[in-house]
Amino acid sequence: MLDRQLHRARVVSSVAATLISLACGTNYVYSAWAPQFADKLHLTTTQSNLIGLAGNLGMYSMGVPIGYFVDHRGPRGAVIAGAFLLGLGYLPFRTTYETEDTDQIPWSIGALCVFSYLTGLGGCMAFQASVKTSALNWPHHRGTATAFPMAAFGLSAFFFSMFGSILFPGDTSRFLGLLSGGTFTLIFGGFWFLKVYPHAGVGGYHAVSNAEAQRMRRTSGDYAEPASKSKSRSRSSLRGNVDVEPGRSTRDDDDGDVMPTRYTTPPVAAGSSDNAVAADVEAGIIRNPTDSDDADETSSLMSKASSLPGDVLVQSSVDMDRSHRVDIRGWRLLRNFDFWQLFAIMGILAGIGLMTINNIGHNVHALWRMYDDNVGETFLIQRQQMHVSILSVGSFTGRLLSGVGSDFLVKVVGASRAWCLVVASLVFCLAQVAAINITDPHFLFLVSSLSGLGYGFLFGVFPSIVAETFGIHGLSQNWGFMTLSPVLSGNIFNLFYGYVFDSHVVMGDNGERWCPDGLDCYKNAYFVTLGACGLGLVVTLMTIVRERNREDEGNKGSADD
252 MLDRQLHRAR
262 VVSSVAATLI
272 SLACGTNYVY
282 SAWAPQFADK
292 LHLTTTQSNL
302 IGLAGNLGMY
312 SMGVPIGYFV
322 DHRGPRGAVI
332 AGAFLLGLGY
342 LPFRTTYETE
352 DTDQIPWSIG
362 ALCVFSYLTG
372 LGGCMAFQAS
382 VKTSALNWPH
392 HRGTATAFPM
402 AAFGLSAFFF
412 SMFGSILFPG
422 DTSRFLGLLS
432 GGTFTLIFGG
442 FWFLKVYPHA
452 GVGGYHAVSN
462 AEAQRMRRTS
472 GDYAEPASKS
482 KSRSRSSLRG
492 NVDVEPGRST
502 RDDDDGDVMP
512 TRYTTPPVAA
522 GSSDNAVAAD
532 VEAGIIRNPT
542 DSDDADETSS
552 LMSKASSLPG
562 DVLVQSSVDM
572 DRSHRVDIRG
582 WRLLRNFDFW
592 QLFAIMGILA
602 GIGLMTINNI
612 GHNVHALWRM
622 YDDNVGETFL
632 IQRQQMHVSI
642 LSVGSFTGRL
652 LSGVGSDFLV
662 KVVGASRAWC
672 LVVASLVFCL
682 AQVAAINITD
692 PHFLFLVSSL
702 SGLGYGFLFG
712 VFPSIVAETF
722 GIHGLSQNWG
732 FMTLSPVLSG
742 NIFNLFYGYV
752 FDSHVVMGDN
762 GERWCPDGLD
772 CYKNAYFVTL
782 GACGLGLVVT
792 LMTIVRERNR
802 EDEGNKGSAD
812 D
């Protein structure tokens, strides 16, 4: 009976985590209200993009420290902080938009950027906490448990755009109120049900003896096995009766060192439970994190369900052999050539996607006002929300396809996962070509759908590539560094888009701004991103060639031995 109640409580907690995540991705809905906000306040496109970029900065720049906070302080504090940051972050935008006298705006552009940053920071905090809680509540089904909040985050823009278009069609002020009140309500309401329920006596952990631990050593290139076990025996235990997923076999200690835990199926003793004993193989230290293997709120997920913002879920199909043998992080990561190749790919492609995500609303305005002089504001808002929804659904679909596609490449074709990055590059190229040539706004959905699909393809496979390249033990840290690249490239592409768009803007008698040139308002910006797509494709192919050469050298060395 007690087990049934605990199961029900965990289900409720997972539902709460999903609802919380649904409120955390609202930065991607920026294009649904940014053009009207800029028109009301007579902002330039560059100023509007600065506000949007501040939200992206809040979402991505603080992933590592927030992850550390959630790991060591538990998820509930991050959830409640995220609720207030999102609610209070959006509120000034509504009050500013409702200001009648635009010459007496209560907040400066800098202050609005700070508020936008807070919305990104709040979303990052609540999202990390929700993913971690789901993973801790379902230790044997973490992939499935974390998939729900991850998917909800990806569909957040679609959710709010859809409800905004239904409840408040054409009303930007009330839509901003929905973002403020809706995000706070979802997260604050879910807070009361988001709890970690320990699993007593979870089987599958086997204590590592002191003698065994002293014989275990890990280097940067090899993950050594205990002397008493062969490599094949150890691998079979990892794939044996226990459903092992990446990161399930490791924990972080308080200093951030990684401690591997062996998985076997131990005998069950009456009245006792197995202790999850972790060994720091570099120092030869045996450490018992808890008195039992219960997961509590400060249990570190390390790399299994790394809860970094937006897109971090490594599927169970990563190369378990290499990802557990290799451990490159910290300063060694920054001196690694492979890191800078992947950093460049992520920065180029994610920056291209963010430019369209943040500016699809401006594209809508430019094309429709050229196509039909009599188009109304309500119609434009609905079109903006429609394209934001298309971007959101496309991103979600891309994540699913890249996961399935990368598994097919590795397991069936025997190819590298990096070919999914080639697909993402090609999809982005098609999106840029479409953006450069489409003059009829009825076909603008091709730009938004392809951009969302490419963005999802990129983030759906990239964490697995990082894990396999640098090791799963340091994935949280390494992915945190990797997600800094979109912050840099996103700023460059978005500010350039603003510069191009503003160069075509004309001023009205009352200070209003609009671009009468249609496609020419932004076409040159997409020429630059098309060139960047080509560069990203070249770097991706270089990465695949480098990986293939490394494998060939390894196979040749094995044959010589």
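Heads up: the sequence shown runs through residues 252 to 812, numbered per this note's numbering.
For glycine and all other residues, C-beta sits at the position ideal for the given N, C-alpha and C.
Everything numeric in this text was worked out from a predicted model, so none of it was measured.
Query: Output needed for P400: all residues of its chain with C-beta closer than 6 angstroms, excluding positions within five of it in sequence on either side, in chain order.; Result: A268, T269, S272, S381, V382 and S385
Query: Please work out which residues of its chain come closer than 6 angstroms, Cβ to Cβ, to V565, disregarding the five sequence neighbours upstream and downstream, and give them in chain order.; Result: Its pLDDT being 47, under 50, V565 is placed unreliably in this model, and the coordinates cannot settle the point.
Query: Give the straight-line distance between the Cα atoms of I689 and R327, rounded to the nearest whole angstrom.; Result: 47 angstroms
Query: Using the rule of at least 16 other Cβ atoms within 10 Å of the residue's Cβ for burial, across every protein chain shown, is T734 buried or exposed?; Result: buried
Query: What does DSSP give as the partner residue(s) for V757 in the beta ladder?; Result: W765
Query: Is the separation between the beta-carbon of M310 and that of S640 shorter than 8 angstroms?; Result: no
Query: Please classify A362 as buried or exposed, where buried requires at least 16 neighbouring CB atoms within 10 angstroms.; Result: exposed
Query: Spatial neighbours of H616 within its chain, please: CB distance less than 7 angstroms, with the 5 preceding and 5 following residues excluded, ordered by chain position.; Result: P286 and L631
Query: Is I536 helix, strand or coil when you go by DSSP?; Result: Residue placement at I536 is flagged as unreliable, the pLDDT there being 30, under the threshold of 50; the coordinate-derived value follows with that caveat. It is a strand residue.
Query: Please classify P357: is it buried, with 16 or more other beta-carbons within 10 angstroms of its beta-carbon, or exposed?; Result: exposed
Query: Identify every run of the beta strand (DSSP E) within the region 318-360, keeping only runs that are complete inside it and at least 3 residues long; order them along the chain.; Result: none
Query: Would you check if the distance between the CB atom of G741 and the CB atom of N278 is smaller than 8 angstroms?; Result: no
Query: Are L292 and T347 touching if we call contact CB-CB under 8 angstroms?; Result: yes
Query: Nearest by alpha-carbon distance to H613: which of P692, C671 and V577 is it?; Result: P692
Query: Determine whether the beta carbon atoms of R650 and V661 lie at a separation below 8 angstroms.; Result: no
Query: Please classify M606 as buried or exposed, where buried requires at least 16 other C-beta atoms within 10 Å of its C-beta.; Result: buried
Query: Only counting the same chain, and skipping five residues up and downstream in sequence, which positions put a Cβ closer than 8 angstroms to that of G432?; Result: G338
Query: Taking only three categories from DSSP, how would you classify R668?; Result: coil
Query: Contact check, G788 vs V684 under 8 angstroms by CB: the rounded distance?; Result: Before going further, note that residue 788 is Leu rather than Gly in the sequence given. Not quite, the Cβ-Cβ distance comes to about 13 angstroms (not below 8 angstroms), so this is no contact.
Query: Assign T629 to buried or exposed, taking buried as 16 or more other Cβ atoms, counted over all protein chains shown, within 10 Å of its Cβ.; Result: exposed
Query: Is it true that the CB of P737 sits closer than 8 angstroms to the CB of G645?; Result: no
Query: How about N609 and G415: do their beta carbons lie closer than 8 angstroms?; Result: no
Query: Is the beta carbon of F288 closer than 8 angstroms to that of F344?; Result: yes
Query: Out of S264, S657 and C364, which has the shortest C-alpha to C-alpha gap to G440?; Result: S264
Query: When we look at the beta-carbon of L253 and count the other beta-carbons within 10 Å, is it buried (16 or more) or exposed?; Result: exposed
Query: Give me the residue from K446, E763, F721 and E351 with the minimum Cα distance to V266.; Result: K446
Query: For L652 and W730, I'd like the C-alpha separation in whole angstroms.; Result: 21 angstroms
Query: Can you give the Cα-Cα distance for L709 and E351, rounded to whole angstroms?; Result: 43 angstroms
Query: Measuring only the C-alpha atoms, how far is Q465 from F590?; Result: The predicted position of Q465 is uncertain, since its pLDDT is 42 and thus under 50; a value taken from the coordinates is nonetheless stated next. Using only the alpha carbons, I get a separation of about 32 angstroms.
Query: From this set, T434, M621 and F732, which residue's C-alpha is nearest R580's C-alpha?; Result: F732
Query: Could you tell me the distance, in whole angstroms, from the CA atom of Q592 to the CA atom of R764?; Result: 41 angstroms
Query: Touching or not, the region 692-706 and the region 792-804, by the rule of three or more beta carbon pairs under 8 angstroms?; Result: no
Query: Give the single residue among I360, V262 and F378 whose Cα lies nearest to the Cα of I317.; Result: F378
Query: Specify the secondary structure class of R586 as computed by DSSP and reduced to three states.; Result: coil
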